[in-house]
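Engineer:
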Amino acid sequence: MKVFLTILKKQGVALAILVGSFLVVRWVVAEFRPPGAMTVIEAQAMDMKAMRAPIGVVPVGTDYALERTVGGTETFPATIVALSDEDVVARVPGLVSEVLVYPGDRVRAGELVARISADEYDAKAQAGLLSAASKQSEAEVAEQRLARDRAALKTANIKIEVSDAGVEAAEAELRATENHVSHLQGEVQEIVARREAAQAELDYARLDYDREKLLFEGGAISRDDLDQAYKRITLAQAMIGQVDAQRMQKNHELEARYAKRDAAVGLLRQARAGVNASRAMVLQAEATVTAAEGSLRAKEREVQASRAMAMASGALSSYTELRASDDGVVTERLVSPGTPVMPGRAILRIKVDRVVRVQADLPQRLASSVLVGSTVRISFEDRSIDAQVTSVFPFVDGRTRTFRIEAKISNEDGAWQVGSYAKIEVATSVATRVLSVRNEAVKTGTDGSHYVWLLVGEQTQISEDAIFTCTMHPEVEHVGPGDCPICSMPLVPVDATGNVRAEKRPVSIGPSDARYTAILDGLAEGDTVTWAGDEELFPSAAVQAVEWDENGPVELPKGAGMAGMDMGADGGMNMGDSEADDSNTGDNQATSLKGHEGHAHGPDDSFTCEMHPEVHKSEEGTCPICEMDLVPIEDGN
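According to our numbering, the sequence shown is numbered sequentially starting from 8.
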């Protein structure tokens with residue numbers, strides 16, 4: 008507190024001056040600022056989101072849906088273009104020694120038109136021929152070497168075929184021996200099985216004999232029965248001996264076959280070694296042949312390069328004579344004799360006009376009716392000719408919305424002069440009488456569908472007691488036209504005036520010509536549609552038909568656009584006096600400012616805004632302009 012009192016004592020005068028200045032400025036602003044004047048702070052605090060576009064009647068040009076003759080033919084300007092442009096250019100450096108033609112001269116294909124002096128190319132051509140002959144001799148030697156290597160390769164291939172045959176024979180012998188071995192092994196296995204069976208029979212016979220012997224000793228059987236049991240033992244022993252003898256024989260045969268198989272295996276290994284040796288010889292011979300072929304190809308390329316060099320030098324030598332590549336007329340002579348030139352320098356310019364192209368730009372609406380092959384009539388001066396469309400350029404100019412067509416016609420006599428103006432008549436459709444509107448009335452949607460803006464209702468005028476508002480301060484309301492008390496901009500009607508509305512009506516279209524488009528479905532005869540001024544229309548927009556010419560509406564309807572803005576004679580808009588006049592001040596000021604609570608000010612208003620003293624309310628709240636808290640109105644203010 009002491010510090011505050013100290014500062015107050017030292018700076019009291021300055022603080023008093025500052026407070027006094029603030030009060031004086033506040034009083035001046037409140038008393039003398041004209042309605043509508045805005046400070047920098049107020050302008051920055053203004054809510055731009057509350058702005059809205061002017062509302063009113065949209066002036067439009069209109070047309071009626073009537074039965075008209077649509078279709079037939081249309082005529083468009085065209086240009087005669089040369090079939091091609093030819094520049095006769097120097098292809099070798101040198102001096103231009105002769106130019107044999109002049110602009111206006113006609114030339115034929117292959118005709119000599121100029122000469123260039125460049126003798127050094129003849130010497131280069133001769134040197135190239137000698138080099139090609141030398142390289143040809145080397146190529147012939149390489150070809151003979153290749154023939155010898157190919158013969159050696161053929162011999163190696165024969166050897167490998169013989170070796171392959173030996174391998175096949177050895178493999179066959181081995182397979183036969185292995186088959187015989189397998190057969191003997193099977194017979195041995197069979198003998199072993201028989202030996203085991205005989206042994207089993209012997210064992211059984213012995214057991215049976217022992218049993219029979221016991222029975223004989225017991226007197227149960229006779230001696231003959233015992234002898235029979237003994238004979239079975241003898242027979243089984245004999246069978247075993249026989250089987251053992253057969254087994255021994257088969258084992259000897261199997262050992263012999265094993266030896267033969269081993270010999271066959273050795274022979275096969277020898278044959279395969281021969282095959283490997285033959286294949287190695289073939290690989291070596293193939294490598295030699297490949298190298299010889301590469302050497303021959305290299306020599307042949309050298310021969311070709313030498314010949315190409317010779318031909319190039321010869322061609323360069325021939326380039327000293329310049330000839331026309333096609334029939335045409337000389338249009339420019341760009342170089343005089345004695346002028347040194349480099350390759351690419353144009354000497355003459357020729358237009359090939361034995362056939363000319365007639366080109367015309369057609370509106371986009373004819374893209375589906377004028378095609379390649381369509382018949383057209385071309386007129387130039389006092390002559391006309393029927394021709395066929397030979398080309399339709401596959402794109403539409405984004406600026407003009409036109410596409411180009413072309414027709415080629417014969418011009419052997421040169422009567423069709425290149426660059427001249429001509430006319431081209433195209434058949435757009437069969438002329439029929441049908442319900443139609445102006446071409447400009449038909450709009451195309453993003454999905455390719457078509458629609459028109461149809462006028463519905465009856466036109467009325469703005470009433471004298473209509474409510475107007477400001478597009479930048481929508482809280483302002485005023486009975487009748489006037490200026491905004493905040494920004495002084497002309498007020499506009501709150502509601503779109505007039506009962507005539509624009510309705511978006513889908514339609515099906517038919518043929519069209521230069522002016523009208525047939526309507527197959529969607530309109531009735533006598534319907535009114537817009538054709539101009541409808542770029543910004545939206546469904547149910549208030550519109551008024553006005554006279555329209557190439558410059559736009561001849562006269563704006565009352566209430567159209569922003570009220571209080573007049574259209575000048577030059578098409579500009581006159582805002583009028585920007586300062587508030589008597590109609591917006593004093594007793595005549597009927598402007599009301601709507602607050603956030605929706606209350607209008609009246610004689611009992613007791614609250615206002617320090618930043619916007621024109622705002623008055625009967626209750627506490629916030630300013631509808633800057634949203635600052637309202638303050639009580641002091642007496643006398």
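The C-beta atom is built at its ideal place from N, Cα and C for all residues, glycine as well.
Do D393 and T382 have their CB atoms nearer than 8 Å?
Structural biologist: As a first step, residue 393 is located in the sequence shown; it is residue number 386 there, counting from the start. As a first step, residue 382 is located in the sequence shown; it is residue number 375 there, counting from the start. Closer than 8 Å, so yes.
Engineer: Rounded to whole angstroms, what's the CA-CA distance from D594 to L637? Just pull it up for me.
Structural biologist: To locate residue 594, count along the sequence shown from 1; it is residue 587. To locate residue 637, count along the sequence shown from 1; it is residue 630. Reliability of the predicted coordinates at D594 is poor, the pLDDT of 35 falling under 50, and the value obtained from them is presented with this limitation in mind. Computed Cα separation, rounded: 24 Å.
Engineer: Label G643 either buried or exposed according to how many other C-beta atoms from any shown protein chain fall within 10 Å of its C-beta, with 16 as the threshold for buried.
Structural biologist: In the sequence shown, residue 643 corresponds to position 636, counting from 1. Caution applies to G643, whose pLDDT of 45 falls short of 50 and renders its modelled position unreliable; the value that the coordinates give is listed next. Classification of G643: exposed, given that the 10 Å Cβ count is below 16.
Engineer: Looking at the structure shown, is T382 part of a helix, part of a strand, or coil, going by DSSP?
Structural biologist: What you label residue 382 is simply residue 375 of the sequence shown in a count that begins at 1. It is a strand residue.
Engineer: Return the CA-CA distance between T162 and E168, expressed in angstroms with no decimal places.
Structural biologist: Along the sequence shown, read from residue 1 onward, the residue named residue 162 stands at position 155. Along the sequence shown, read from residue 1 onward, the residue named residue 168 stands at position 161. Their Cα atoms are separated by approximately 10 Å.
Engineer: What is the rounded straight-line gap between the Cα of D534 and the Cα of S376?
Structural biologist: Here residue 534 refers to the residue found at position 527 of the sequence shown. Here residue 376 refers to the residue found at position 369 of the sequence shown. Those two C-alpha atoms are separated by around 28 Å.
Engineer: Check I516 in the structure and name its three-state DSSP category.
Structural biologist: Locating residue 516 in the sequence shown gives position 509, counting from the first residue. Correct three-state label for I516: strand.
Engineer: Using DSSP bridges, identify the partner residues of Y71.
Structural biologist: If you number the sequence shown from 1, residue 71 lands on position 64. T535.
Engineer: Just grab the DSSP bridge partners of G101 for me.
Structural biologist: The sequence position of residue 101 within the sequence shown is 94, counting from 1. Answer is V348.
Engineer: Indicate the three-state DSSP secondary structure (helix, strand or coil) for R406 in the structure shown.
Structural biologist: Taking the first residue of the sequence shown as position 1, residue 406 is located at position 399. R406: coil per DSSP, three-state reduction.
Engineer: Note the first and the last residue of the continuous beta strand (DSSP E) segment covering P492.
Structural biologist: For the purposes of this step, residue 492 is taken as the residue at position 485 of the sequence shown. That residue, P492, is in no beta strand (DSSP E); it is neither H nor E in DSSP.
Engineer: CA-CA distance, H457 and V483?
Structural biologist: The residue labelled residue 457 in the question sits at position 450 within the sequence shown. The residue labelled residue 483 in the question sits at position 476 within the sequence shown. Cα to Cα, the separation comes out at about 41 Å.
Engineer: Classify A305: buried if its beta carbon has 16 or more other beta carbons within 10 angstroms, exposed otherwise.
Structural biologist: Here residue 305 refers to the residue found at position 298 when the sequence shown is read from its first residue. Flag for A305 reads exposed.
Engineer: Count the other C-beta atoms from every protein chain shown that fall within 10 angstroms of the C-beta of V35, then say buried if there are 16 or more, exposed otherwise.
Structural biologist: Walking along the sequence shown from the start, residue 35 turns up at place 28. Classification of V35: exposed, given that the 10 Å Cβ count is below 16.
Engineer: With burial defined as no fewer than 16 other Cβ atoms inside 10 Å of the residue's Cβ, what is the status of L160: buried or exposed?
Structural biologist: Numbered from 1 along the sequence shown, position 153 holds the residue referred to as residue 160. So L160 ends up on the buried side.
Engineer: Would you tell me roughly how many angstroms separate the C-alpha atoms of T537 and D368, rounded to the nearest one?
Structural biologist: Working through the sequence shown from its first residue, we reach residue 537 at position 530. Working through the sequence shown from its first residue, we reach residue 368 at position 361. In a straight line, the C-alpha of T537 is about 27 Å away from that of D368.
Engineer: May I ask you to verify whether the stretch 261-276 touches the stretch 200-220, counting CB pairs closer than 8 Å and requiring at least 3?
Structural biologist: At 8 Å Cβ cutoff, the stretches do not touch.
Engineer: On a Cα-Cα basis, can you pick out the residue from V296, Y265 and N164 that is closest to A285?
Structural biologist: The residue given as residue 285 occupies position 278 in the sequence shown. It should be noted that the sequence gives Ser, not Ala, for residue 285. Per the Cα distances, N164.
Engineer: Could you please give me the residues that DSSP links to E339 through a beta bridge?
Structural biologist: To locate residue 339, count along the sequence shown from 1; it is residue 332. For E339, which the question treats as bridged, DSSP gives the partners R356.
Engineer: In angstroms with no decimal places, state the Cα-to-Cα distance between V120 and R308.
Structural biologist: Here residue 120 is taken as the residue at index 113 of the sequence shown, counted from 1. Here residue 308 is taken as the residue at index 301 of the sequence shown, counted from 1. Using only the alpha carbons, I get a separation of about 37 Å.
Engineer: Does the distance from the C-beta atom of S325 to that of A139 stay below 8 Å?
Structural biologist: On the sequence shown, residue 325 is found 318 positions in, with the first residue counted as 1. On the sequence shown, residue 139 is found 132 positions in, with the first residue counted as 1. Their beta carbons are not under 8 Å apart, which means S325 does not touch A139 by this criterion.
Engineer: Can you grab the Cα-Cα spacing for the pair T82 / I493, in whole Å?
Structural biologist: The sequence position of residue 82 within the sequence shown is 75, counting from 1. The sequence position of residue 493 within the sequence shown is 486, counting from 1. Each residue's alpha carbon lies about 58 Å from the other.
Engineer: Would DSSP call D334 helix, strand or coil?
Structural biologist: The residue labelled residue 334 in the question sits at position 327 within the sequence shown. D334: coil per DSSP, three-state reduction.
Engineer: Bridge partners of W460, per DSSP?
Structural biologist: The sequence position of residue 460 within the sequence shown is 453, counting from 1. K511.
Engineer: Please name the residue in R356, S398 and E532 whose C-alpha comes closest to that of V441.
Structural biologist: For this step, residue 441 is matched to residue 434 along the sequence shown. V441 has its Cα closest to that of E532, out of R356, S398 and E532.
Engineer: Can you name the residues that DSSP bridges to S391?
Structural biologist: Here residue 391 refers to the residue found at position 384 when the sequence shown is read from its first residue. Answer is S386, bridged to S391.
Engineer: Determine the extent of the beta strand (DSSP E) in which A525 is found, giving its start and end residues.
Structural biologist: Stepping through the sequence shown from its first residue, residue 525 is reached at position 518. Its beta strand (DSSP E) spans residues Y523 to D528.
Engineer: Over what stretch of residues does the beta strand (DSSP E) that includes E432 continue unbroken?
Structural biologist: Here residue 432 is taken as the residue at index 425 of the sequence shown, counted from 1. Looking at the DSSP string, the run of the beta strand (DSSP E) that includes E432 is Y428 to R445.
Engineer: On the three-state DSSP scale, how would you describe W34?
Structural biologist: For the purposes of this step, residue 34 is taken as residue 27 along the sequence shown, with counting starting at 1. Helix.
Engineer: Going by beta-carbon coordinates alone, are V403 and I526 separated by less than 8 Å?
Structural biologist: Against the sequence shown, residue 403 aligns to sequence position 396. Against the sequence shown, residue 526 aligns to sequence position 519. Contact: no.
Engineer: Three-state secondary structure (DSSP) at L1?
Structural biologist: Because the chain in this structure spans residues 8 to 644, residue 1 falls outside the shown range and cannot be described.
Engineer: According to DSSP, is F614 part of a helix, a strand, or is it coil?
Structural biologist: Locating residue 614 in the sequence shown gives position 607, where the first residue counts as 1. Three-state DSSP puts F614 in a strand.
Engineer: Alpha carbons only, please: which of S189, A280 and R218 is nearest the one belonging to R268?
Structural biologist: Indexing the sequence shown from 1 puts residue 268 at position 261. Among S189, A280 and R218, the Cα nearest to that of R268 is on S189.
Engineer: Need the endpoints of the beta strand (DSSP E) that V550 sits in, please.
Structural biologist: The sequence position of residue 550 within the sequence shown is 543, counting from 1. From DSSP, the beta strand (DSSP E) with V550 extends over V550 to A552.
Engineer: Indicate the three-state DSSP secondary structure (helix, strand or coil) for D251 in the structure shown.
Structural biologist: Mapped onto the sequence shown, residue 251 falls at position 244. D251: helix per DSSP, three-state reduction.
Engineer: How many angstroms separate the CA atom of V174 from the CA atom of Q256?
Structural biologist: In the sequence shown, the residue the question calls residue 174 occupies position 167. In the sequence shown, the residue the question calls residue 256 occupies position 249. One C-alpha to the other measures close to 33 Å.
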